[in-house]
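Below you'll find the structure, written out as structure tokens, and then a few comments.
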Amino acid sequence: GQQVMQIPQYQHVQEGEDFTTYCNSSTTLSNIQWYKQRPGGHPVFLIQLVKSGEVKKQKRLTFQFGEAKKNSSLHITATQTTDVGTYFCAGLGSYNQGGKLIFGQGTELSVKP
Amino acid sequence: NAGVTQTPKFQVLKTGQSMTLQCAQDMNHEYMSWYRQDPGMGLRLIHYSVGAGITDQGEVPNGYNVSRSTTEDFPLRLLSAAPSQTSVYFCASSSTGSGNTIYFGEGSWLTVV
């Protein structure tokens, strides 16, 4: 079955440093989504990438979808303490498989002030 | 809008007991899912539904039952609780109309002793 692997599992950074998490799928994805979960909270949607090679930015966050639509990355520039949380990628194998999103294991980011 | 509502928020069960986690959404989404979250394992799909009357298994369905008699409700039943089912459970809903963005409930913390 479809598998989504995410690395690293944990990342500790000093405030102001950059952060990147990587996501790889065993199969080609129709789209990939990114979510953020604050400690004790529930995952919250950040963004969806659909096109091969797509790059999207949200302020200090840059999201990329690989050319083969099997990998993705999230890069945060100059981290802040508000960036603390776990970041998940989630892949959809087929567009008509709504509800069957498969999540990576997540990357837990801690930021030291 | 209430979004996705889960109850109860916290529950302690004895091994062998059964219970139902309730989930309701008011966004008229056709897709609904149940995930469990365990440390280091990310979010794993238990069961999902693509519409009323239709359910299917996810990655970790054993020990759980679901039904979808209405668009709004998607209860998760633990048939005979085991300590391995101690976890945080998230209900989610989505729609192709919303680009398959998943909206999560706030979670149910379940402990089986």
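Protein chains in written order, with the working numbering: chain Y, 11 to 123; chain C, 281 to 393. Even for Gly, the Cβ is constructed at its ideal location relative to N, Cα and C. No experiment lies behind these values; they were computed from the predicted model shown.
Which complete beta strand (DSSP E) runs does the region 64 to 104 of chain Y hold, if anything under 3 residues is left out? Scanning the region 64 to 104 of chain Y from its first residue to its last, the whole beta strand (DSSP E) runs of 3-plus residues come out as 65 to 68, 71 to 75, 81 to 86, 95 to 102.
Please state the DSSP three-state secondary structure of C/Gln-305. It is a strand residue.
If you run the structure through DSSP and keep just helix, strand and coil, what is C/Thr-376?
Three-state result, C/Thr-376: helix.
* Asked: Distance, Cα to Cα, C/Val-392 vs Y/Gln-115?
  -> One C-alpha to the other measures close to 23 Å.
- Task: Enumerate in chain order the residues of its own chain whose CB-to-CB distance from Y/Ala-100 is below 6 Å, with the five nearest sequence positions on each side excluded.
- Result: Beyond the five residues adjoining it in sequence on each side, Y/Ala-100 comes within less than 6 Å, by CB distance, of Gln-43, Leu-111, Phe-113 in the same chain, given in chain order.
Exercise. Using a C-beta to C-beta distance shorter than 9 Å, which residues of chain C count as neighbours of Y/Leu-39?
Worked result: Those do not exist, as Y/Leu-39 stays about 12 Å from chain C at its closest Cβ, beyond 9 Å.
At a Cβ cut of 8 Å, what residues of the region 380 to 392 of chain C count as close to chain Y, listed as they run along the chain?
From the region 380 to 392 of chain C, only Asn-380, Thr-381, Ile-382, Tyr-383, Phe-384, Gly-385, Glu-386, Gly-387 have a Cβ closer than 8 Å to chain Y.
Chain Y contact for C/Leu-356 (CB, 7 Å cutoff): No, its Cβ sits nowhere closer than 7 Å to a Cβ of chain Y.
- Task: Tell me, please, which residues DSSP counts as bridged to C/Leu-359.
- Result: According to the DSSP secondary-structure assignment, C/Leu-359 is paired through a beta bridge with no residue.
Considering Y/Leu-56, what are the terminal residues of the beta strand (DSSP E) in which it resides? Going by DSSP, Y/Leu-56 is part of the beta strand (DSSP E) stretching over 54 to 59.
What residue range does the beta strand (DSSP E) around C/Ile-334 cover?
For C/Ile-334, the enclosing beta strand (DSSP E) covers residues 334 to 337.
Three-state class that DSSP yields for Y/Gln-24 in the structure shown:
Secondary structure of Y/Gln-24 (DSSP, three-state): strand.
Exercise. List the DSSP bridge partners of Y/Gln-16.
Key: Looking at the DSSP assignment, Y/Gln-16 forms a beta bridge with Y/Cys-33.
For this session: Locate the beta strand (DSSP E) running through C/Glu-310, then write down its first and last residues.
Result: Where C/Glu-310 is concerned, there is no enclosing beta strand (DSSP E), because DSSP gives it neither an H nor an E.
inquiry  = Only counting the same chain, and skipping five residues up and downstream in sequence, which positions put a Cβ closer than 7 Å to that of Y/Ser-36?
reply    = Excluding sequence neighbours, Y/Ser-36 sits near Gln-12, Gln-13.
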